[in-house]
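Numbering (the working numbering), first residue to last: 157 to 679.
Think of the CB as a built atom: it goes at the ideal place given N, C-alpha and C, for glycine as much as any other residue.
Keep in mind that this is a model prediction, so the values were computed, not measured.
See structure below.
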Amino acid sequence: MKIAVVGSGVSGLGATWLLNEYSPHEVHLYESEARPGGHANTVRFRRQGQDASEGVDVDTQIVFNPTTYPNFLRFLQMQPDITILPTEMTFSVSRDNGAFEWAGNNIFSVFCQPKRLLDPDMWRLLYDVLRFNASARRILSDHSVSDDMSVGDYLEREAYSDSFRDNYLIPMTAAIWSTPPDECATDFPARTLIRFMRNHHLLQITGKPKWLTIKGGSINYVDKILSRLPSSQLHLSTPVQSVKTLPNSRVQLRTANGTTEIYDRVIMSCHSDTALRILEAGGPALGGGITSRERDLLGTFKWNKNECILHHDERLMPKSKLAWSCWNYLTTSTIDADGQRLPNEPRISLSYRTDGMNDLQHISYAKHGPVLITLNAPFEPAPDKIVGRWKYEHPILDAKAVRAQKLLKLIQGTRSIWYAGAYTKYGFHEDGFASGLAAAMAAVEGDSPALPPFPIVTDIDEHLQRVPGEWPMLVALVGLMFRIMQWVGLPGIVAQVACPVLAFMRSALGISLDETSPRAKED
Numbered sequence: 157m158k159i160a161v162v163g164s165g166v167s168g169l170g171a172t173w174l175l176n177e178y179s180p181h182e183v184h185l186y187e188s189e190a191r192p193g194g195h196a197n198t199v200r201f202r203r204q205g206q207d208a209s210e211g212v213d214v215d216t217q218i219v220f221n222p223t224t225y226p227n228f229l230r231f232l233q234m235q236p237d238i239t240i241l242p243t244e245m246t247f248s249v250s251r252d253n254g255a256f257e258w259a260g261n262n263i264f265s266v267f268c269q270p271k272r273l274l275d276p277d278m279w280r281l282l283y284d285v286l287r288f289n290a291s292a293r294r295i296l297s298d299h300s301v302s303d304d305m306s307v308g309d310y311l312e313r314e315a316y317s318d319s320f321r322d323n324y325l326i327p328m329t330a331a332i333w334s335t336p337p338d339e340c341a342t343d344f345p346a347r348t349l350i351r352f353m354r355n356h357h358l359l360q361i362t363g364k365p366k367w368l369t370i371k372g373g374s375i376n377y378v379d380k381i382l383s384r385l386p387s388s389q390l391h392l393s394t395p396v397q398s399v400k401t402l403p404n405s406r407v408q409l410r411t412a413n414g415t416t417e418i419y420d421r422v423i424m425s426c427h428s429d430t431a432l433r434i435l436e437a438g439g440p441a442l443g444g445g446i447t448s449r450e451r452d453l454l455g456t457f458k459w460n461k462n463e464c465i466l467h468h469d470e471r472l473m474p475k476s477k478l479a480w481s482c483w484n485y486l487t488t489s490t491i492d493a494d495g496q497r498l499p500n501e502p503r504i505s506l507s508y509r510t511d512g513m514n515d516l517q518h519i520s521y522a523k524h525g526p527v528l529i530t531l532n533a534p535f536e537p538a539p540d541k542i543v544g545r546w547k548y549e550h551p552i553l554d555a556k557a558v559r560a561q562k563l564l565k566l567i568q569g570t571r572s573i574w575y576a577g578a579y580t581k582y583g584f585h586e587d588g589f590a591s592g593l594a595a596a597m598a599a600v601e602g603d604s605p606a607l608p609p610f611p612i613v614t615d616i617d618e619h620l621q622r623v624p625g626e627w628p629m630l631v632a633l634v635g636l637m638f639r640i641m642q643w644v645g646l647p648g649i650v651a652q653v654a655c656p657v658l659a660f661m662r663s664a665l666g667i668s669l670d671e672t673s674p675r676a677k678e679d
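Laid out in structure tokens, this is it:
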């Protein structure tokens, strides 16, 4: 059969790899941009004054781990020319230009601002982090909780502190999904978040798997897949304009330059809104075009636009270097129209630190200085420190999107068209790769099927019924202890005693918790 794959992001690459190398079918890959790979983007970092040989390859997006990326890791391990390196995944929060900062790397980074030792909100935050890690799993088996319950409603129901919400969970959720903080609180389903955090060992203090990255960047795996695809079957800078099904169940694909091709199967491995636009251009359902169910399901997913800047301006990092982490959440409190303080800006700002042997991509700080990638910079880096900028779109996994994910099976293959993309699950590289493999296998099932070189994991949640390093009985016992402490009101009792003591110590030492940072944005 002749099969078209629309979109060369990770899901399209996964489908192309499987069909091209492990099936007898002819596969054509279409990409609207001149560069294949989507979010898998490796670029050359070079400071002013350095020549090309002194630069270093930097990846703008990808890390993975051996537990929750089973298909992607197995694929990489099959490639002898690709080297996998250990990396780190640490997280910090910097608020109001450094007025409040903390990081979870170690005890020194937690209290990178020593005055926080006398801050009752900081101690309550740490208590709630431990309580959340021990107690949150209960929601996964609590059938009385609606799948639609938002993160904000869950935190209110369980009486978590504002400090925990604003300086830990909402920033972390916004950072993981590159989603505006307010949408995380109001729209993000709590059960989806907690299941993801459990799967990714974010509810564990010990027993976490090592995070990994690709030496030289993700361009290595992109090139590996495309090097084995005949050049005549790779169509870069070729936007697909429309797709419609013919009476004989074959699919007509028309490109923006007016070329028309007929395929036996089409895999839409692009974003859902792009797929929707292409299908709508194919005409009405009676003419082989989009159906109402396809329109409703694909139209449910929303996307968030983010700008990514590669630079070396250290102003876009926490003020305290003790707080410097791989992921650094930057935010500024604002005042709304009613005069109410809003703890987070409407748009997420996040700086990724890629330099240093213990950070994301094993790039030498001594040789290259700070290598930073900032998502939605709160202010523009110095022009002479900007290396490049790109725009990405990330799926917003609100309750409607989670419901639509479960219904996508109703439109898979119904018109010889399949759908793949990271948006069909949690929005990450593994989700995209796995969905591409699944779509490819389904598209040729029963007709010279694809024979993958390893068992495909199609449901990561089912695959991780038992998370490695997790001690269920111990977790349940600790969770029970926290519930008892909450029931007897122990946190309130401790606060009544501790707050006056801490206030007296601050007064005696002349310490203020509300001071503003001396660093201004334009410094």
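For residue i and residue j, I'd like the C-alpha separation in whole angstroms.
i: phenylalanine 457; j: aspartate 429; result: 7 Å
i: tryptophan 546; j: glutamate 187; result: 17 Å
i: alanine 555; j: proline 336; result: 15 Å
i: alanine 190; j: valine 301; result: 46 Å
i: alanine 341; j: glutamine 642; result: 23 Å
i: leucine 359; j: serine 591; result: 26 Å
i: valine 407; j: methionine 234; result: 33 Å
i: phenylalanine 589; j: phenylalanine 344; result: 23 Å
i: leucine 553; j: tryptophan 483; result: 21 Å
i: histidine 468; j: methionine 353; result: 31 Å
i: tyrosine 548; j: tryptophan 574; result: 23 Å
i: leucine 498; j: alanine 606; result: 52 Å
i: proline 180; j: glycine 583; result: 30 Å
i: isoleucine 108; j: serine 505; result: Nothing can be reported for residue 108: it is not among the residues displayed for the chain, which extend from 157 to 679.
i: arginine 421; j: threonine 401; result: 10 Å
i: asparagine 261; j: isoleucine 491; result: 31 Å
i: aspartate 587; j: serine 250; result: 30 Å
So is residue i buried or exposed if we call it buried at 16+ other beta carbons inside 10 Å?
i: aspartate 303; result: exposed
i: arginine 200; result: exposed
i: phenylalanine 610; result: exposed
i: methionine 473; result: buried
i: leucine 442; result: exposed
i: alanine 315; result: exposed
i: arginine 272; result: buried
i: glutamate 339; result: buried
In the DSSP assignment, find the beta strand (DSSP E) that holds residue i and state where it starts and stops.
i: valine 378; result: No beta strand (DSSP E) contains valine 378, which is instead part of the alpha helix (DSSP H) from 375-383.
i: glutamine 397; result: 396-401
i: isoleucine 552; result: 542-552
i: aspartate 213; result: 212-215
i: glutamate 426; result: Looking at the sequence provided, one finds cysteine at residue 426 rather than glutamate. From DSSP, cysteine 426 is part of no beta strand (DSSP E); its letter is neither H nor E.
i: glycine 652; result: Here the sequence assigns glutamine to residue 652, which means glycine is not the residue at that position. Here glutamine 652 belongs to no beta strand (DSSP E); instead the alpha helix (DSSP H) covers 646-665.
i: threonine 487; result: 483-487
Which residues in the same chain have their Cβ closer than 6 Å to the Cβ of residue i, if we skip the five residues on either side of it in sequence?
i: glycine 512; result: Per-residue confidence for glycine 512 stands at a pLDDT of 48, beneath the threshold of 50, marking its modelled position as unreliable; the derived number appears in the next sentence. For glycine 512, where only same-chain residues beyond five positions count, the Cβ hits under 6 Å are Tyr521.
i: serine 476; result: Glu257 and Cys268
Could you give the first and the last residue of the continuous alpha helix (DSSP H) run that contains residue i?
i: histidine 619; result: 616-619
i: glutamine 642; result: 628-643
i: leucine 593; result: 585-599
i: methionine 353; result: 346-355
i: phenylalanine 231; result: 226-233
i: isoleucine 326; result: 326-333
i: lysine 565; result: It is not in any alpha helix (DSSP H) - lysine 565 carries neither H nor E in the DSSP assignment.
Whole-angstrom Cβ separation of residue i and residue j, contact assumed at under 8 Å?
i: valine 161; j: serine 425; result: 6 Å
i: histidine 357; j: threonine 223; result: 7 Å
i: lysine 371; j: threonine 239; result: 4 Å
i: histidine 585; j: phenylalanine 228; result: 6 Å
i: alanine 598; j: glycine 577; result: Not confirmed; about 14 Å, so no contact.
i: leucine 281; j: serine 334; result: With a Cβ gap of about 23 Å, leucine 281 and serine 334 do not count as contacting.
Excluding sequence positions up to five away, which residues of its chain have a Cβ less than 8 Å from the Cβ of residue i?
i: glycine 414; result: none
i: leucine 566; result: Arg449 and Leu453
i: arginine 293; result: Ile350, Arg354, Leu359, Val631 and Gly635
Enumerate in chain order the residues of its own chain whose CB-to-CB distance from residue i is below 7 Å, with the five nearest sequence positions on each side excluded.
i: isoleucine 308; result: For clarity, residue 308 is glycine in the given sequence; the question names isoleucine instead. Correct list, in chain order: Ala341 and Thr342.
i: serine 164; result: Leu185, Glu187, Pro192, Gly193 and Gly194
i: methionine 157; result: His181, Asp420, Arg421, Val600 and Asp603
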